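Going by the UniProt record's numbering, the letters in the sequence shown line up with residues 1 to 428, in that order.
Presented below is the structure to which this report refers.
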Amino acid sequence: MSTDGLTEKKLEQLSKLYRDIVPASPETESFYLEILVSCEGNLEAAVELINDSLGVQRTSETDILCAKGKHEDEAVSPAPKVQKSLNSFIKDPNNKIKSVSEGSLGKISNRAIELFTKEDIETNIKYVSVHKNVLPELLANSLLKKLSQDNDSFTPNQFYLFGKKCTSNHLTKMFSSSEEISAGNIRIYYNSYSLSRIAQYDDDLKMAQLLIEDLVNDCIAQRDLLPYQIRSPNWKGDVVLVNRYYKESNLDWHSDKMTSIGPQPIIASLSLGCSREFRVRKNYPSNSQIYIIRPPHNTLVIMHAGFQEEYRHCVHGHSKNSPLKPHPISGHVRINLTYRCYLRKFLDRCPKCKKCGSPMDLRRAFKDPKTRGQYIWQCSKSYTGQECGGVIRAKFDNDSLTVQNFDEEGSRWLAPDDQEAHSAQDLN
Ligand SMILES: [Zn+2]
1 MSTDGLTEKK
11 LEQLSKLYRD
21 IVPASPETES
31 FYLEILVSCE
41 GNLEAAVELI
51 NDSLGVQRTS
61 ETDILCAKGK
71 HEDEAVSPAP
81 KVQKSLNSFI
91 KDPNNKIKSV
101 SEGSLGKISN
111 RAIELFTKED
121 IETNIKYVSV
131 HKNVLPELLA
141 NSLLKKLSQD
151 NDSFTPNQFY
161 LFGKKCTSNH
171 LTKMFSSSEE
181 ISAGNIRIYY
191 NSYSLSRIAQ
201 YDDDLKMAQL
211 LIEDLVNDCI
221 AQRDLLPYQI
231 RSPNWKGDVV
241 LVNRYYKESN
251 LDWHSDKMTS
261 IGPQPIIASL
271 SLGCSREFRV
281 RKNYPSNSQI
291 YIIRPPHNTL
301 VIMHAGFQEE
311 YRHCVHGHSK
321 NSPLKPHPIS
331 GHVRINLTYR
341 CYLRKFLDRC
351 PKCKKCGSPM
361 DLRRAFKDPK
371 TRGQYIWQCS
381 KSYTGQECGG
391 VIRAKFDNDS
401 LTVQNFDEEG
411 SRWLAPDDQE
421 AHSAQDLN
């Protein structure tokens, strides 16, 4: 969208509509422009979003006197507000916006809340960082072009859900720069399937690997470390799972399996092409707030240590109300490069189920606050449609990665801000 005369008019209207709350300034204007761009220039949609953030109910035709009266009514019961970056433009402290996470009694909106700026995303979703324009433009475009047109061995995922065999509606291909992995000497399991065909990195993928490794390791060095996570500069991007999403593709709520990447993994997800809704919510409570982020072309979302334990995510199917905006190179196709740092120890020593001999999957218990935090290995047979129920506590400093006897305490981790579990386990 260019800043043509029409856009200027819309910016002027927005500025006029909210000037009693948000004083006009060049910074305010660029903020409105950011919102307008994310709404693809649709003024009504932008107004609706800003209304949500400010807890007011205005329309693009409302004149300012009427708007003022309305705002005073609304001030009695403000809606959940999260667009904290608006705060820097609001002088009156009574009009400042509170984040949901720090808000009154952790009030949860029954509507998904869209987060636009890096600050809003990183404040509201713990263990996530967002990085726009991570690759040089030519490299990002070249990767997008190749990966959206590559017709060699992009295949749907197969998985089991409640005993039923399902096929994903997006396509997947794995690449690696490690000779041992692409030669099949080290087997990579994904959704309990051994991936036998792993393609080699080309020059573009190698360049992307180096840039992303540097960025991720820099981020690790700047953040608080969790006990089991990998340290900088050891995070590697030598294996990438490339997902190709079409207009009708989606991916249900899930956390990524930690089986081959260990506890507190760091997963870097690069979005190329068409921008899709990535939704995020905490694993508990069951009605946790849903957040939407829409990473534009060439944006890296890093899911840091703790994210897979505490949060789940999905790629939301798009609705008729919000049609996808085609990307000039890939149209409605979104390419997602997911870098997971596979750990040799976990690939080689993944325990087998004592009851049936199947490989086991690593997860962390979270449902019951009394037992939350315990890492467990669970028989993967249930994913192939049969129930086994085999389970054993994980212990990461053991060679077997499991406890040696039944009553031994295994490895566990609770989020420091998880008051509910700390109280239930008498850890306060
Ligand atoms: Zn089993």
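We treat Cβ as the ideally placed atom computed from N, Cα and C, and that holds for glycine.
Only a predicted model underlies this, so the values are computations on that prediction, with no experimental measurement involved.
Residues whose Cβ lies closer than 6 Å to any heavy atom of ligand 1, in chain order:
CYS353, LYS355, CYS356, SER358, CYS379, LYS381, CYS388, GLY390
Please report the distance separating the alpha-carbon of LEU343 from that of ASP361.
Distance between the alpha carbons of LEU343 and ASP361: 14 Å.
Note down, in chain order, each residue of its chain lying with its Cβ closer than 8 Å to the Cβ of LYS352, except the 5 sequence neighbours on either side.
Once the five neighbours on either side are set aside, the close Cβ partners of LYS352 are SER358, PRO359, MET360.
Assumed close pair VAL242, THR172 - CB separation to whole angstroms, cut-off 8 Å
7 Å
Boundaries of the alpha helix (DSSP H) in which GLN419 is found, first to last residue
419-424
Length-filtered (4 minimum) alpha helix (DSSP H) runs lying within the UniProt domain "Fe2OG dioxygenase" (236-343)
Note on the UniProt domain "Fe2OG dioxygenase" (236-343): whole alpha helix (DSSP H) runs with a minimum of 4 residues are 307-310, in chain order.
In the DSSP output, which residue or residues are listed as bridge partners for PRO233?
Bridge pairing for PRO233: absent [DSSP].
So within the stretch 335-405, which uninterrupted beta strand (DSSP E) runs reach at least 3 residues, ignoring any that extend past its ends?
360-364, 375-379, 391-393
Could you tell me the distance, in whole angstroms, from the CA atom of LYS10 to the CA atom of ASN321?
21 Å
Is the beta carbon of VAL315 less than 8 Å from the beta carbon of ARG276?
yes
Going straight from the alpha carbon of GLY184 to that of LEU347, what length do you get?
12 Å
Pull up the CB-CB distance for ASN336 and TYR201, whole angstroms please, since I reckon it's below 8 Å.
Going by Cβ atoms, the distance from ASN336 to TYR201 rounds to 17 Å, so no, they are not a contact pair.
Should the stretch 302-319 be regarded as contacting the stretch 257-270, the criterion being three or more beta carbon pairs within less than 8 Å?
The stretch 257-270 and the stretch 302-319 touch, with three or more beta-carbon pairs separated by less than 8 Å.
Coarse secondary structure for CYS219, derived from DSSP in three states:
helix
By how many angstroms is the C-alpha of TYR339 removed from the C-alpha of LEU14?
40 Å
From residue 504 to ILE198, what distance separates their C-alpha atoms?
Any property of residue 504 remains undetermined from this structure, which presents the chain solely from 1 to 428.
Contacts around GLU420, its chain only, beta-carbon distance under 6 Å, and the 5 residues preceding and following it disregarded
PRO369
Given this structure, state the Cα-to-Cα distance separating GLU409 from LYS126, to the nearest angstrom.
Computed Cα separation, rounded: 28 Å.
Tell me whether GLN149 sits in a helix, a strand or coil according to DSSP, three-state version.
helix
Taking only the alpha-carbon atoms, compute the straight-line gap between ARG279 and ILE290 and give it to the nearest angstrom.
7 Å
Rounded separation between HIS254 and ARG312 - CA only:
5 Å
Let me know if LYS367 comes out buried or exposed under the rule of 16 or more other beta-carbons within 10 Å of its beta-carbon.
exposed
DSSP beta-bridge partners of THR155
THR155 is bridged to THR172.
Residues in the same chain with beta-carbon distance under 7 Å from LEU105, minus the five sequence neighbours each way, listed in chain order, please.
Low confidence applies here, because LEU105 scores a pLDDT of 40, under 50, leaving its location unreliable and the question unanswered by this model.
In the DSSP assignment, find the beta strand (DSSP E) that holds VAL128 and state where it starts and stops.
128-131
Might you give, ordered along the chain, the residues of its own chain that have their beta carbon closer than 8 Å to the beta carbon of PRO156, omitting 5 neighbours on each side?
Result list for PRO156: THR167, SER168, ASN169, HIS170, LEU171, THR172, in chain order.
Under three-state DSSP, which class holds residue 509?
No answer is possible for residue 509: it lies beyond the span of the chain, which begins at 1 and ends at 428.
Taking 8 Å as the threshold (C-beta atoms), are SER319 and PRO295 in contact?
no
Locate the alpha helix (DSSP H) running through ASN42, then write down its first and last residues.
Looking at the DSSP string, ASN42 is not in any alpha helix (DSSP H), and its letter there is neither H nor E.
Beta-carbon spacing of LEU115, ASN124 below 8 Å
yes
Best match in HIS422, ALA112, ARG187 for proximity to THR371 [C-alpha to C-alpha]
The residue among HIS422, ALA112, ARG187 with its C-alpha nearest the C-alpha of THR371 is HIS422.
So does the stretch 227-235 actually touch the stretch 136-154, counting three or more Cβ pairs closer than 8 Å?
no
Those residues which DSSP pairs with THR167 across a bridge
GLN158.
Just to check my reading of the structure: ASP238 and GLN209 have Cβ atoms closer than 8 Å, yes? What is that Cβ distance to the nearest angstrom?
7 Å
Three-state class that DSSP yields for GLU179 in the structure shown
helix
May I ask you to list the residues that DSSP assigns as paired with ARG412?
GLN374
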